[in-house]
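Enquirer: Numbering (this note's numbering), first residue to last: 296 to 1342. My structure is below; once you've seen it, I'll send some questions.
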């Protein structure tokens, strides 16, 4: 098909040479007309080959071209054809003002690709996609041979892979197939599409059909897709493996190329294959009537192209599936649509004798499922590679498409003209307002209101009769102390120097710099410059004028701002009248891409129409989400993540999302009841296999427990006494008990008892104990109320300080104090032993209903967790200062996680979260730089070591930084680390390095906030309270002397 046949339909090809040249100029960026003409001549008018010739001469061929598809109608045939930039050609996709026209011109000139399609049933795009799928499977198989742990490796514990209640099932990433997961989940959650796939029956005479390559591919793929959908409905697994479906796609063609697949390409070809499969079934079942294809009915619409070319009008109906939209230069989806629906000069479409060219698109039939493909990639001619467009683009949850419908053409044109007029007026108003807000003729400009206010303040200041330096002569420094470079004019203005004045002291003192007093302004000097001479009459006139002018400017500014706001509001409400909100489309799914043009990660946000909430589908992870999270990840402009594909559904077509009902009982069918009998049996068999896996795991655990029990019953020889611990080498324990901590309180208790004895020497043990407890509580209360420096944390000295600061119940504090004085460590003399016995007796008298022991234990467990967090932090910071970043990282990670849990219960439960976050972040950044330096060395061992650091330390930690949306610095740090590695994409490197980088980047760019498994917490040294406080103070003091690097 040619451009002449479909869009412009001119009398001869010669008339369109200039059109082709213009398109070549915009596509390639080459302005030399002779070069363009020669390329067109060498390609025999084939636009695709001409672009390939020109780009091969002027730029490096990119590794991956982002394809944009355009569907149009063949003459006399309702079947659409798929056209766009091919994977094995060098067609480039630049963002411009008239991209749809360019895409059509490129698309409709692909004669050779279409001829091959008609002869073999296989397009170049399908061959390219098969190469990608084969590479994904090969990558998945190769991953079994890797030594470092994979992000998507299955947990050996099947209970970790068990589906929780009715939580949606995820899809395993089987090797750079996040694009597959995002698309399949979006379509699966479209209930009408799910029903079509699940209820698809292969043609009865499938074995008798001519088994060409297309049929050999489509029917087995449909079978595997049905199995996959059935597992997503009824599996007991948390996620399922889609390898068999991907294998079918891979086996369709053979190739060795490797690249990560593009979502829009895959979505388009998936629907194409499904359409072919349903077409076979439809043709078998037709009864003399034209067969209806449910895929076409669901996903394809039509628009009318109305245009003018060099004064000649044309009109043509075309079919579309995914509708391509340019992003660059637009702020929201409606602006993108307006630009896509109008090309060229709008006025020329309505005039009779215009020589200009232009065209409009009007939807005549919208599909129930409308998919917009957002073009977020452009080719950089200078660098010779594609680049991603990170601009922000907003889109609404409800999209009204009335303004783009053919039936509303006349009304829309009137409104467009009105909007154009309003925008022109708005531009004038904004320019006028800018003159008020940025007044002046120099490089620095200020609001005019402020300028007038400053002038009024100057005129109203107290007049002075001397120069600003004249009245400083008496207090000026002696001339001998003035700099030698003092200008003569300044010396003259200062009057006689101090050398001419009799000295009051025989010895001249040296000048002492006093920064807070030396520059203090004398009290009789005005704070601001002031006029030297101004009469009352002059001041009165000037104040009146400035007041009046300021009021006028304020009124003018306010009027302009209100007019601008009114016009903005009018434009926003232009299409809000009842007649223009009759075609609502609800956002069903958003496919998000994070990364750069050559590498990245895909996931999907899908709306649960029955629970009225957003869900995030990120491979095996399926989590609840919010519109706010969707906005942050999808609009763009915030990180390297942005929406790449939007799927809207007709909000009036409820069958798209409606549940199935039992025809006899009228009850809603859910889960396995929605499956046909063959798929129900298939899922049951898979569930039995998984249940057997769970049973085998339980048996294995029971056997291990039995073995441990038997071993524990075998008598053992007494263990040798432990070697003495060297000084400075504390013994490592899992966690100190409360008894261990209480040993450190002996000295505090004895001091309190001695004070009580000094005050009440003749009293009995009970009275002395009460006094000692009051004295101890008073001391601890005073510590809790102080505001010490960071290095002196009184909470570490005593649990009571921690309890008081966190408002623990009084009964908890009282029992803790009784336990302190009832501890066996106080039995070293008679007096303390008597008090200990009294305290123990009072503890025994406390009734169960007086103190909630579960709550009591929780408070003391929290305090133990606080001490443990302190030690994690302290040891991590010590390693950090020694530049042992790998060792420091694990301690700081556990310090942050434990501290965050503590702070969730109260602001004084833990440590400074920002401090821990800062050093955790710094650890990751330094390790990232170290790993990048190892990668850049090119040495195989060094490169592997760098990637091990990334895979085992950096990548598992990224979700920890991304999970907290409020930590902006953490998010920026993650982007810095990712950009560091993405910067290698455009560089030349050895093939083995390129392969390792391609394998590693998707893991780094994975935006999942699912926390992966970590190693067990590192064991902590057991410190006495004194040692802990001392080491903590030492490390915190050293931090206060170290620059915080922005913390």
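Even glycine gets a Cβ: it sits at the ideal position worked out from N, Cα and C.
1. Helix, strand or coil for residue 681, going by three-state DSSP, please let me know.
2. Considering only C-alpha positions, which residue in the set 964, 661 and 469 is nearest to residue 948?
3. Report back the beta-carbon spacing between residue 875 and residue 695 to the nearest angstrom; my notes put them in contact at under 8 Å.
4. Leaving out the 5 sequence neighbours to the left and right, which residues in its chain are closer than 7 Å to residue 1324 when beta-carbon positions are compared?
5. What is the residue span of the beta strand (DSSP E) that residue 664 lies within?
6. Between residue 986 and residue 531, is the Cβ-Cβ spacing less than 9 Å?
7. To the nearest angstrom, how far is the alpha carbon of residue 969 from that of residue 936?
8. Please state if the CB of residue 920 and the CB of residue 1421 are separated by a distance shorter than 9 Å.
9. On the criterion of 16 or more Cβ atoms from any shown chain inside 10 Å, does residue 1140 qualify as buried, or is it exposed?
10. Quick one: which unbroken alpha helix (DSSP H) runs of 4-plus residues sit fully inside the segment 1120 to 1180? Chain order, please.
11. Figure out for me which residue from 1103, 1189 and 520 has the closest Cα to the Cα of residue 1311.
12. Would you tell me roughly how many angstroms separate the C-alpha atoms of residue 415 and residue 562, rounded to the nearest one?
13. What residues match up with residue 615 in a beta bridge as DSSP calls it?
14. Can you find the residues in the same chain that come closer than 6 Å, C-beta to C-beta, to residue 1021, ignoring five residues on each side of it along the sequence?
15. Sorted by chain position, which residues of the same chain lie with C-beta nearer than 8 Å to residue 705's C-beta, five sequence neighbours on each side aside?
16. Quick one: residues in its chain with C-beta nearer than 8 Å to the C-beta of residue 966, no 5 flanking neighbours on either side, listed in chain order?
17. Using three-state DSSP, classify residue 636 as helix, strand or coil.
18. Are residue 1151 and residue 1171 touching if we call contact CB-CB under 9 Å?
19. Whole angstroms is fine: what's the gap from residue 951's alpha carbon to residue 665's?
20. What is the DSSP secondary structure of residue 933, counted as helix, strand or coil?
21. So residue 747 and residue 657 are supposed to be a Cβ contact under 8 Å. How far apart are they, rounded?
22. Tell me the rounded alpha-carbon separation between residue 1176 and residue 1148.
23. Which of the three DSSP states, helix, strand or coil, is assigned to residue 590?
24. Is residue 931 near residue 1297, with beta carbons less than 9 Å apart?
25. Can you tell me whether residue 876 is helix, strand or coil according to DSSP?
26. Rounded to whole angstroms, what's the CA-CA distance from residue 256 to residue 1191? Just pull it up for me.
27. Quick check: the Cα distance between residue 667 and residue 941, rounded to an integer number of angstroms?
28. With 16 as the cutoff for other CB atoms within 10 Å, does residue 1088 come out buried or exposed?
29. Which first and last residues belong to the beta strand (DSSP E) in which residue 908 is found?
30. Check for me: the alpha helix (DSSP H) holding residue 1293 runs from which residue to which?
31. Just the Cα atoms here: how many angstroms apart are residue 1065 and residue 1143?
32. Cα-Cα, which of 1328, 590 and 539 is closest to residue 1085?
33. Whether or not the segment 1234 to 1241 and the segment 1215 to 1222 are in contact is what I'm after, with contact meaning three or more pairs of Cβ atoms, one per stretch, closer than 8 Å; do they touch?
34. Count the CB pairs spanning the segment 706 to 713 and the segment 861 to 881 that are closer than 8 Å, and state whether there are at least three.
35. What is the C-beta distance between residue 589 and residue 491, in whole angstroms, given that I count them as a contact (C-beta under 8 Å)?
36. Cβ atoms of residue 472 and residue 537: under 9 Å apart, would you say?
Expert: Judging by the given coordinates:
1. Of the three classes helix, strand and coil, the one that applies to residue 681 here is strand, per DSSP.
2. 661
3. 7 Å
4. 1091 and 1092
5. 664 to 670
6. yes
7. Linking residue 969 to residue 936 through their CA atoms gives a straight-line distance of about 36 Å.
8. Beyond the ends of the chain as shown, which are 296 and 1342, falls residue 1421; an answer cannot be given.
9. exposed
10. 1125 to 1140 and 1148 to 1176
11. Nearest option by C-alpha distance: 1189.
12. The predicted model places residue 415 with a pLDDT of 45, which falls under 50 and marks its position as unreliable, so this point remains unresolved.
13. The partner list for residue 615 (beta bridge, DSSP) reads 596.
14. Because the pLDDT of residue 1021 is 39, which lies under 50, any placement of that residue in the model is unreliable, and the question is left without a value.
15. none
16. 461, 528 and 529
17. In this structure, DSSP gives residue 636 a helical state, which the three-state scheme calls helix.
18. no
19. 12 Å
20. Three-state result, residue 933: coil.
21. Their Cβ separation, rounded to whole angstroms, is 53 Å, which puts residue 747 and residue 657 out of contact at 8 Å.
22. 42 Å
23. In the displayed model, residue 590 falls within a helix according to three-state DSSP.
24. no
25. It is coil, neither helix nor strand.
26. Since the first residue shown for the chain is 296 and the last is 1342, residue 256 is missing from the structure and cannot be characterised.
27. 5 Å
28. buried
29. 908 to 913
30. 1286 to 1299
31. 22 Å
32. 1328
33. no
34. The segment 706 to 713, when compared against the segment 861 to 881, does touch it at the 8 Å Cβ threshold.
35. About 5 Å; that satisfies the 8 Å criterion.
36. yes
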